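A.B. asks: Residue 143 in the numbering used here sits at position 143 of the sequence shown, and the numbers go up by one each step.
Glycine included, C-beta positions come from ideal geometry on N, C-alpha and C.
This one's a predicted model, so the numbers in the text were calculated from it and none came from an experiment.
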Amino acid sequence: MSTSGERAKGKSLIKSVRAAVTAALAAPVLAVAFAAPANAAPEDVALSVDVVGNDVEVIIANDSDGMIECAWAASSGLFGETHVRINVFVQPDAVYREPVTVADGRYDVIWNCESVPGVEAWGNTSETGTADPLTFIAPPCSSSGSLDILGSMDFGNFGSTETGSASTADAGSGGSVGSHCAGLGGS
Numbered sequence: 001m002s003t004s005g006e007r008a009k010g011k012s013l014i015k016s017v018r019a020a021v022t023a024a025l026a027a028p029v030l031a032v033a034f035a036a037p038a039n040a041a042p043e044d045v046a047l048s049v050d051v052v053g054n055d056v057e058v059i060i061a062n063d064s065d066g067m068i069e070c071a072w073a074a075s076s077g078l079f080g081e082t083h084v085r086i087n088v089f090v091q092p093d094a095v096y097r098e099p100v101t102v103a104d105g106r107y108d109v110i111w112n113c114e115s116v117p118g119v120e121a122w123g124n125t126s127e128t129g130t131a132d133p134l135t136f137i138a139p140p141c142s143s144s145g146s147l148d149i150l151g152s153m154d155f156g157n158f159g160s161t162e163t164g165s166a167s168t169a170d171a172g173s174g175g176s177v178g179s180h181c182a183g184l185g186g187s
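Dropping the structure here:
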């Protein structure tokens, strides 16, 4: 038989367990309620690219007050080339630079950075939305040669095999700059 003292100890133990479970369950709610407000100023963190031919440098500038963790991806389409980096840490008031060599084409860049711990966020994803979409062309389209889809209007006519026609592949024709530039209307 149990004594009344043992029952009191059992009730006390149950109360302690309940209190511990309640505190454990309430901790995340309280942390969210009393967390510092997320005031990610869009200009605090920025990603840019510098393109020279097929050599691209991805640059992340961190002007925020703390360290950030970033991820970025540059993709040239559904079945095209993709470059991805995750777990990129950038100290406050520092710049991250990463050189990448890419194939010819148009690349869309998505990126996301979060403060450590993750209170603030920056980027051009649907979750962050502090930056505009970013696209680059490698190599950059230039004004040398014709970008007209029908080719150069000099010497020859559409369908001929002479210099400057749409069917040639030499300098000055519509195909010489590359298909990624043809529909863009210039640089």
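1. Pull up the distance between the alpha-carbon of residue 55 and that of residue 95, whole angstroms please.
2. Return the Cβ separation of residue 122 and residue 130 in integer angstroms, given the expectation that the two are a contact with Cβ distance under 8 angstroms.
3. Take residue 91 and list the residues in its own chain whose beta-carbon comes closer than 6 angstroms to its own, dropping the five residues that flank it on each side.
4. How would you write the range of the beta strand (DSSP E) that residue 115 sits in, first residue to last?
5. Is the distance from the Cβ of residue 50 to the Cβ of residue 64 below 8 angstroms?
6. Alpha carbon to alpha carbon, what distance is there between residue 93 and residue 108?
7. Report the option in 127, 101, 133 whose CA atom is closest to the CA atom of residue 139.
8. Output the boundary residues of the beta strand (DSSP E) element that contains residue 100.
9. Using the Cβ count rule (16 or more neighbours within 10 Å means buried), how would you classify residue 86?
10. Return the chain-ordered list of same chain residues with a C-beta closer than 7 angstroms to the C-beta of residue 48, the five sequence neighbours on each side being excluded.
C.D. replies: Taking the coordinates as given:
1. 19 angstroms
2. 5 angstroms
3. 67
4. 105-115
5. no
6. 26 angstroms
7. 101
8. 94-101
9. exposed
10. 59
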